[in-house]
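*Asks:*
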Amino acid sequence: MVLSLTVIVSLLGAVLIMVVPPERKNLIRKLATGAAFLSLVFALIAFFSYDLDSPDQFQFRQELTWIPALGVNYIVGGDGISLPLVVLTGFIIFCGALIAWNIEDRTKEFYVLLLILVAGVYGVFISLDLLLLFVFYELAVVPMYLLIGVWGSTRKEYGAMKLTLYLMVGSALIMLGIVLIFIQTGGETLDLTKLAQMSFPRHFQMLIFPLMFLGFGVLAGLWPFHTWSPVGHVAAPTSVSMLHAGVLMKLGAYGCLRGAMWLFPEGARVWLPWIIILTTVNVVYGSMIAMVQRDFKFVIGYSSVSHMGFVVMGLSAMTELSLAGAVLQMFSHGIMTGLFFAVVGRYVYDRTHTRDLTKLGGLMKIMPSGGVLFIIAGLASMGMPGLSGFIAELQILMGVWQAYPVVAALSGIGILVTAAYILRVIHSVFFGELPAAFANLPPITLMEKCAGGVLAALLILIGLYPSLMTRMIFHSVQPLAALLQG
Amino acid sequence: MDYLTLTKYLAPEIVLVLTAFAVLMLDLNVLRREPLPRRFAVLGSTTLGGLALAAALALWRLYWDPASFFADTFVVDPLNGIFALIIIAIAALITLISLPEKFTVHVSEYYALILFAALGMEFMIFAEELIMIFVSLELTAISLFALTAFDRAARRSIEAAIKYMLFGALSTAFLLFGMSYLCGLTGQTSLAGLSSALTSYAAGGWGESAIVALGVLLLLAGFGYKLAAAPFHGWAPDTFEGAPLPVTSYIASGSKVAAFLVAAKILITGLPALSGSALWGNGEPGWTLALAAISAVSMVLGNLVAILQKNVKRLLAYSSIAHAGYILVGLLAFNRLGMTSLLYYIVIYALTNIGAFAVLQIIAKESGGETMADLAGAGRRSPLLALLMVILVLSLAGVPPMGGFIAKFLVFAAAIKPDAASFGLLWLVALAVAANAVALYYYLLILKQMYIIEPANPTRIKLPRTVTTAAALCVLAILYWGIFPQRLLAQLESMSARLF
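Chains A and B are the protein sequences, given in the same order.
Counting from 23, one number per residue, gives the positions in the first sequence under this note's numbering.
Counting from 382, one number per residue, gives the positions in the second sequence under this note's numbering.
#1: Here's the rule: buried if 16 or more other CB atoms are within 10 angstroms of the residue's CB, otherwise exposed. What is Ser577(B)?
#2: Taking the straight line between their C-alpha atoms, what separation do you get for Ser658(B) and Leu672(B)?
#3: Find out if the Cβ-Cβ distance for the pair Leu361(A), Leu395(A) is shorter than 8 Å.
#4: Please state the DSSP three-state secondary structure of Val157(A).
#5: Could you tell me the distance, in whole angstroms, from the CA atom of Val693(B) to the CA atom of Thr629(B)?
#6: Any contact between the stretch 392 to 403 of chain B and the stretch 359 to 376 of chain A? By contact I mean 3 or more CB pairs, one from each, below 8 Å.
#7: If you count every other CB in all the chains shown that lies within 10 Å of the CB of Val428(A), and 16 or more means buried, which is it?
#8: Can you tell me whether DSSP reads Leu443(B) as helix, strand or coil?
#9: For Asp619(B), which residues of its own chain have a beta-carbon under 6 Å away from its beta-carbon, when the five flanking residues on both sides are left out?
#10: Under the three-state reduction of DSSP, which class applies to Arg83(A): helix, strand or coil?
#11: Taking Leu696(B) as the query, report the chain A residues whose CB atoms sit under 8 Å from its CB, ordered along the chain.
#12: For a test of the three-state rule: what should DSSP assign to Tyr487(A), helix, strand or coil?
#13: Sort Leu152(A), Phe158(A), Leu154(A) by Cα distance to Phe143(A) and report the nearest one.
#14: Considering only the beta carbon of each residue, do Val422(A) and Ala478(A) sit closer than 8 Å?
#15: Which residue's Cα is closest to the Cα of Ala654(B): Ala677(B), Ser679(B), Ala610(B), Val593(B)?
#16: What distance in whole Å lies between the Cβ atoms of Gln867(B) and Ile89(A), which are believed to be in contact at a cut-off of 8 Å?
#17: Against chain A, which members of the stretch 830 to 841 of chain B pass a CB distance test of less than 7 Å?
#18: Cα-Cα, which of Gln507(A), Leu419(A), Gly436(A), Ala414(A) is closest to Ile488(A)?
#19: For Val201(A), is the classification buried or exposed, using 16 other Cβ atoms within 10 angstroms of its Cβ as the cut-off for buried?
#20: Does the beta carbon of Phe790(B) sit closer than 8 Å to a beta carbon anywhere in chain A?
#21: What's the C-alpha gap between Leu495(B) and Ile30(A)?
#22: State the Cα-Cα distance for the pair Leu696(B) and Ser776(B), rounded to the nearest angstrom.
#23: Excluding the five sequence neighbours on either side, which residues of its own chain have a C-beta within less than 8 Å of the C-beta of Val365(A), listed in chain order?
#24: Give the C-beta separation of Gly277(A) and Thr359(A) to the nearest angstrom, bearing in mind that I take them to be a contact with Cβ-Cβ under 8 Å.
#25: For Val516(B) and Leu712(B), I'd like the C-alpha separation in whole angstroms.
#26: Rounded to whole angstroms, what is the Cα-Cα separation between Arg280(A) and Arg291(A)?
#27: Any beta carbon from chain A within less than 8 Å of Lys746(B)'s own beta carbon?
#28: Rounded to the nearest angstrom, how far is the Cβ of Ser450(A) from that of Leu382(A), given a contact under 8 Å?
#29: Ordered along the chain, which non-local residues of its own chain (more than five positions away) have a Cβ less than 8 Å from that of Ser656(B)?
#30: Under three-state DSSP, which class holds Thr485(B)?
#31: So for Phe450(B), helix, strand or coil by DSSP?
#32: Under a CB-based cut-off of 8 Å, is Asn817(B) close to chain A?
#33: What is the DSSP secondary structure of Ser634(B), counted as helix, strand or coil?
#34: When you compare only the Cα positions, how much space is there between Phe235(A) and Cys855(B)?
#35: What is the DSSP secondary structure of Phe222(A), counted as helix, strand or coil?
#36: Give the range of the alpha helix (DSSP H) segment to which Gly99(A) is assigned.
In structure tokens form, the structure reads like this:
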């Protein structure tokens, strides 16, 4: 029940806001932030009451009949893979709601869509029924079009359309996959735990695995289907970029894990050695493209492509260590990129109205908090020990090394380039000469500092005390790795 | 069979006829000199009253024992009964959205024709005999031709009606020709008789009997027109664009529902022996193969051409051509799940269309046109209306949790089901899924117009109560049946049991 409450609270928040008159913008903001905070609380309750000694694979399980005619039920539950992501969603939406405080145009519609989107995201992470998961998945993807198209900037219509169409092509593949799975089981069940226990015939797994993996992979930013992602990030308003890079792309990676690898291990063993090549391109090429960008947001956008490449690479290597690293990297990258976009969008762009790296400079003098937060996120992104990114990427690299040493060595280039571009943007935005035009920018508000501070604290917390999460992740990843190793 | 029982079973239809006459007499004797809006309102309310009574009787009829009259010319069973009720509901929604209109002075004739068309659809649904089906198809078609031309001041309305009628006449000829071949060969006109006679024919091999093949193909061509499936869709865009909006809505909903049901019954109960197969690499001549081709062409052509449309009515016309393609997938799956999915799909689809045209009607009244540009800024001008439209459009796009999603899911599942081992119909389903991804583009364009583009004239849109109610009812229904489809699905499934 506690897991369903995250979805219910978000949807309830959306419904409540719908009946508030549109002029009462502050009330709307408070309601949305309140709903987001409550959902975070429920997520944390679930996270901290997860029982590591329990024999159950999924805890907090709840089952309600929904469409018996299709063998589809409302089944939710959480394990060590999904709960960190549920918590991640909670933190990002709470901070995102705070960061979105300055949206004045159609505030009501904005928050309604934001909360619907978040309900979808929570839903995907907790669903244990494939059709339910897909319904939530679409619920998370579709509002994105309006959120970017209406409240975005820089080629927003193009970015919104491109993003939505790419993701919808992905979901078309997934839908085809679900129909095939549905028929293969005799139309009796789409319960993920039951599906995972069925051993599907080999030829079926060969056919279905790429459909599901690539379908979800589009949302994870898998090369060469990633181009929607930087364009969408740049066009989106700040809080939407945070949600989008922070959690939405994780839906894709999570879907790859739950909807493809877990259900079709035999297919995974055949296809993933090829897919890992794509992820290597993601990591290396993504970081190199980030290096040459002039637009501040594009740097972060491509850094997301590169880091998500690490996630999918960790999944594709299929070793216990790399899988656990991938899950932690999803969490770590979600928080880190949320912090990046908060600083880039809200601290810098909303005040200076430019994202051109050549025009920015010396901002450390006027917004030291922004500089410090960005540097913390940047260090996490580089994999600096003491921050969460280090733990995650180390595990991924060690895990990948066990299976594919060449891939691990190549992705080392990605890490080096990452350090280079992060240092480059830190230097050109926060240090050097402060342009005279920026001398009198409005100060950073307390609310903005809070939102950024929470995220930065999380990066440090997980960096110093990783077993808070890794114990639970390993607990769930071990059986999965055993399954995938066959 | 005695006439008293027949009268009892026909009570809802008798009420429809009586209401039509009552409306005509009322206008002639009492309301002739009243102002136009008042006549629309009073006569419309009378029509609504009659429809409500008919609906109540039709609902009651669902609980009576199944019965059959005149050698299957009139078959009352749960399947036919529930769809008769749905037709009455559709006619009521159409009447509801006509209430604030004032495009014609022939008010009573307008409402009477709506009722007569509904009557034709009722008989189409109840009839399981070729001649009766043909007669009721014509009653519907002729009423709709006349309704299309009702906006006499607008040239395009006349043009639309003439195109509709010319295409209709041609398709009638095809249909009648096809029926006459089948009937002449077998000496049967009832679907059950046709089925058994054709089974013995088919035992001798389909290929040997070109006459049967010709008959079936002509029949499909005739129905292809009624369903607006490519390549028989030529009339649809012009007719949709030219007809008064409530009539467009009627053509896109009621007449489609009835035509799909009757086409499914003819093919499934009348011609099962000639089904053939559309499986990849395993095709056999038969109507499923022909339908697969029609369906594939409709989906691709409908969705691609829709992208180019500037007029929302035309866009929805092409979208309806594409949807005819999807629905046909459920039919040519030729199994029980397919029939269930077809029934579910047409109900949801009819409601979605009525809702979308109702919203369009409100916007057209305010902006003076129904092009994409007229939708601009609807999200600012009336948030409620735009929200309704978003839900309707997303349902058409097959996005969960709207009904359109479950409908598509079921149709695709049904098509793959009979041959789960080798996925013989996967080619068609993959095509449908791909076409649907394309379709999303133009549905998003509607969202873009409403929310992203700023309005040229930012006045608030006044919401006429009746039309808004109709649209809201449709939206609630597709949301409810999209999120909780269980009861509807279970009922439709038990009803389609008779056909398999």
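In this text, a Cβ means the ideal position worked out from N, Cα and C, and glycines have one as well.
*Replies:* With the structure as the only source:
#1: Translated into the one-based positions of the second sequence, residue 577(B) becomes position 196. By the neighbour-count rule (16 or more Cβ atoms within 10 Å), Ser577(B) is not buried but exposed.
#2: On the second sequence, residue 658(B) is found 277 positions in, with the first residue counted as 1. On the second sequence, residue 672(B) is found 291 positions in, with the first residue counted as 1. For Ser658(B) and Leu672(B), the distance between alpha carbons rounds to 10 Å.
#3: Translated into the one-based positions of the first sequence, residue 361(A) becomes position 339. Translated into the one-based positions of the first sequence, residue 395(A) becomes position 373. The answer is yes: Cβ separation under 8 Å.
#4: As a first step, residue 157(A) is located in the first sequence; it is residue number 135 there, counting from the start. Three-state DSSP puts Val157(A) in a helix.
#5: Taking the first residue of the second sequence as position 1, residue 693(B) is located at position 312. Taking the first residue of the second sequence as position 1, residue 629(B) is located at position 248. Those two C-alpha atoms are separated by around 12 Å.
#6: No, the stretch 392 to 403 of chain B does not touch the stretch 359 to 376 of chain A.
#7: Position 406 of the first sequence, counted from the start, is the residue given in the question as residue 428(A). Looking at its Cβ environment, which holds fewer than 16 other Cβ atoms inside 10 Å, Val428(A) is exposed.
#8: Residue numbering aside, residue 443(B) sits at position 62 when the second sequence is read from its first letter. Leu443(B): coil per DSSP, three-state reduction.
#9: What you label residue 619(B) is simply residue 238 of the second sequence in a count that begins at 1. Correct list, in chain order: Ala541, Lys544.
#10: Against the first sequence, residue 83(A) aligns to sequence position 61. Looking at Arg83(A) - three-state DSSP - the assignment turns out to be strand.
#11: For this step, residue 696(B) is matched to residue 315 along the second sequence. Simply none; closest approach about 17 Å.
#12: Against the first sequence, residue 487(A) aligns to sequence position 465. Tyr487(A) falls in the coil class under three-state DSSP.
#13: The residue given as residue 143(A) occupies position 121 in the first sequence. It is Val, not Phe, that sits at residue 143(A) in the sequence shown. Distance check between Val143(A) and each of Leu152(A), Phe158(A), Leu154(A) places Phe158(A) closest, using alpha-carbon atoms only.
#14: Here residue 422(A) corresponds to residue number 400 of the first sequence, with the count starting at 1. Here residue 478(A) corresponds to residue number 456 of the first sequence, with the count starting at 1. It is not a contact, given that the beta carbons lie outside the stated cut-off.
#15: Translated into the one-based positions of the second sequence, residue 654(B) becomes position 273. It is Val593(B).
#16: Your numbering for residue 89(A) matches position 67 in the first sequence. Your numbering for residue 867(B) matches position 486 in the second sequence. So it is a contact: roughly 5 Å between Cβ atoms.
#17: Tyr832, Ile833
#18: Residue 488(A) sits at position 466 when you count from the first residue of the first sequence. Note that residue 488(A) is Pro in the sequence shown here, rather than Ile. With distances taken between Cα atoms, Pro488(A) lies closest to Ala414(A).
#19: Taking the first residue of the first sequence as position 1, residue 201(A) is located at position 179. Its Cβ being crowded by 16 or more others within 10 Å, Val201(A) is buried.
#20: In the second sequence, counting from the first residue as 1, residue 790(B) sits at position 409. Flagged as an interface residue toward chain A: Phe790(B), by a C-beta distance shorter than 8 Å.
#21: As a working mapping, residue 495(B) is identified with position 114 in the second sequence. As a working mapping, residue 30(A) is identified with position 8 in the first sequence. A small correction: the amino acid at residue 495(B) is Ile; Leu does not occupy that position in the sequence shown. Taking the straight line from one Cα to the other gives about 44 Å.
#22: Within the second sequence, numbered from 1, the residue matching residue 696(B) stands at position 315. Within the second sequence, numbered from 1, the residue matching residue 776(B) stands at position 395. Near 15 Å, if we compare the C-alpha coordinates of Ser776(B) and Leu696(B).
#23: By one-based count along the first sequence, residue 365(A) stands at place 343. Excluding positions up to five away in sequence, the list reads Gly392, Leu395, Phe396, Ala399, Gly474.
#24: For this step, residue 277(A) is matched to residue 255 along the first sequence. For this step, residue 359(A) is matched to residue 337 along the first sequence. Taking C-beta atoms under 8 Å as the contact rule, Gly277(A) and Thr359(A) fail to qualify, at a distance of about 19 Å.
#25: Within the second sequence, the letter at position 135 stands for residue 516(B). Within the second sequence, the letter at position 331 stands for residue 712(B). One C-alpha to the other measures close to 24 Å.
#26: For the purposes of this step, residue 280(A) is identified with residue 258 of the first sequence, where counting begins at 1. For the purposes of this step, residue 291(A) is identified with residue 269 of the first sequence, where counting begins at 1. For Arg280(A) and Arg291(A), the distance between alpha carbons rounds to 15 Å.
#27: Here residue 746(B) refers to the residue found at position 365 of the second sequence. Chain A contact via Cβ: absent.
#28: For the purposes of this step, residue 450(A) is taken as the residue at position 428 of the first sequence. For the purposes of this step, residue 382(A) is taken as the residue at position 360 of the first sequence. At roughly 7 Å, the Cβ-Cβ gap stays under 8 Å, so Ser450(A) and Leu382(A) are in contact.
#29: Locating residue 656(B) in the second sequence gives position 275, counting from the first residue. Cβ neighbours of Ser656(B) beyond the five flanking positions: Leu648, Gly667, Trp668, Thr669, Phe715.
#30: For the purposes of this step, residue 485(B) is identified with residue 104 of the second sequence, where counting begins at 1. Coil at Thr485(B), not helix or strand.
#31: Taking the first residue of the second sequence as position 1, residue 450(B) is located at position 69. Correct three-state label for Phe450(B): strand.
#32: Taking the first residue of the second sequence as position 1, residue 817(B) is located at position 436. So yes, Asn817(B) belongs to the interface.
#33: The residue labelled residue 634(B) in the question sits at position 253 within the second sequence. Ser634(B) falls in the coil class under three-state DSSP.
#34: In the first sequence, the residue the question calls residue 235(A) occupies position 213. In the second sequence, the residue the question calls residue 855(B) occupies position 474. Taking the straight line joining both Cα atoms gives about 36 Å.
#35: To locate residue 222(A), count along the first sequence from 1; it is residue 200. In the structure shown, Phe222(A) sits in coil (DSSP, three-state: anything other than H, G, I, E or B).
#36: Position 77 of the first sequence, counting from 1, holds the residue named residue 99(A). Careful: Gly99(A) lies outside any alpha helix (DSSP H), inside the beta strand (DSSP E) at 94 to 100.
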